[in-house]
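> The sequence shown begins at 153 in the numbering used here and counts up one residue at a time.
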Amino acid sequence: MPNNSPTLSARQRAGGFTLIELMVTVLVLVILVTMAAPSMSQFIASQRARNAAADLASAVTLTRSEAVNRNATITMTASASSWTGGWTVAAGTTKVRGYGPYDGIAITASGGSSLTVGNDGRPTSGSQTFQVAPSSSAGANTTLCVQVSGTGRVATVNGACT
153 MPNNSPTLSA RQRAGGFTLI ELMVTVLVLV ILVTMAAPSM SQFIASQRAR
203 NAAADLASAV TLTRSEAVNR NATITMTASA SSWTGGWTVA AGTTKVRGYG
253 PYDGIAITAS GGSSLTVGND GRPTSGSQTF QVAPSSSAGA NTTLCVQVSG
303 TGRVATVNGA CT
């Protein structure tokens, strides 16, 4: 009786990868990940600075709007006398909102450790700037300046504050 089943060689029946093929693939993957790691740490450092600058701009805008809405003086104060430790927006003793802390960045303010906005939406002490930069050398080329004008307008620009 003839055998009608197709015959397959041992090589055709075996599926998957050989150990050598798997090891070469893993080696290529490790090399690619190793090359991407330094640029990833730079990306993370610059994103931390961008997020902190966005939070600062948002907090100044909130401070302005609360001052106008409440017809009162509102203060944005650095936590623990350092802007890097975060900040609080408060109406007198009532906390409106808190931000931070922020790790891996340095924030330098031109006007000290607080920003006070009057009921007209303008800073009581004039314009102020906040320079935000990564504290490590990983994202050293990402420095942002959050500028608060004397009229209360907020702008975030690339580069150091001048």
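All C-beta atoms in this analysis are idealised placements derived from N, C-alpha and C, irrespective of residue type, glycine included.
What you are looking at is a predicted structure, and each value in this text was computed from that prediction instead of being measured.
Should the segment 201 to 217 be regarded as contacting the segment 236 to 256, the criterion being three or more beta carbon pairs within less than 8 angstroms?
Yes: at least three Cβ pairs fall under 8 angstroms.
> Let's test the definition: count the other Cβ atoms within 10 Å of the Cβ of Phe169 and tell me whether it reaches 16, buried, or not, exposed.
In the sequence shown, residue 169 corresponds to position 17, counting from 1. Classification of Phe169: exposed, given that the 10 Å Cβ count is below 16.
> Could you tell me how far apart the beta carbons of Val309 and Leu208 are, in whole angstroms, since I believe they sit closer than 8 angstroms?
Locating residue 309 in the sequence shown gives position 157, where the first residue counts as 1. Locating residue 208 in the sequence shown gives position 56, where the first residue counts as 1. So it is not a contact: roughly 13 angstroms between Cβ atoms.
> Could you give the DSSP three-state label for Thr177: helix, strand or coil?
The residue labelled residue 177 in the question sits at position 25 within the sequence shown. Helix at Thr177.
> Give the single residue among Gln199, Ser266, Val306, Thr294 whose Cα lies nearest to the Cα of Trp332.
This structure does not reach residue 332, given that the chain is present from 153 up to 314, and the question cannot be answered.
> Determine the closest residue to Val241 out of Glu218, Leu174, Tyr254, Ile196, with distance taken between C-alpha atoms.
One-based indexing of the sequence shown puts residue 241 at position 89. The option with the nearest alpha carbon to Val241 is Glu218.
> Confirm, please, whether the CB-CB distance from Val269 to Gly304 is below 8 angstroms.
Residue numbering aside, residue 304 sits at position 152 when the sequence shown is read from its first letter. Residue numbering aside, residue 269 sits at position 117 when the sequence shown is read from its first letter. It is a contact, given that the beta carbons lie within the stated cut-off.
> According to DSSP, what are the bridge partners of Cys297?
Within the sequence shown, residue 297 is the residue found at index 145, counting from 1. Answer by DSSP bridge pairing, in chain order: Gln283, Val309.
> Take Val306 as the anchor and find which of Ala312, Ser193, Ile172, Pro275 has the nearest alpha-carbon.
Counting from one through the sequence shown, the residue named residue 306 turns up at place 154. Among Ala312, Ser193, Ile172, Pro275, the Cα nearest to that of Val306 is on Pro275.
> Going by the CB atoms, is the gap between Ala197 and Ser279 shorter than 8 angstroms?
Working through the sequence shown from its first residue, we reach residue 279 at position 127. Working through the sequence shown from its first residue, we reach residue 197 at position 45. Contact flag unset, no.
> Are the beta-carbon atoms belonging to Thr227 and Asn271 less than 8 angstroms from one another?
Translated into the one-based positions of the sequence shown, residue 227 becomes position 75. Translated into the one-based positions of the sequence shown, residue 271 becomes position 119. Not in contact: Thr227 and Asn271 (Cβ atoms no closer than 8 angstroms).
> For Ile257 and Phe282, which I take to be in contact (beta-carbon distance under 8 angstroms), what is that distance rounded to the nearest angstrom?
On the sequence shown, residue 257 is found 105 positions in, with the first residue counted as 1. On the sequence shown, residue 282 is found 130 positions in, with the first residue counted as 1. Contact doesn't hold; Cβ gap of about 11 angstroms is too wide.
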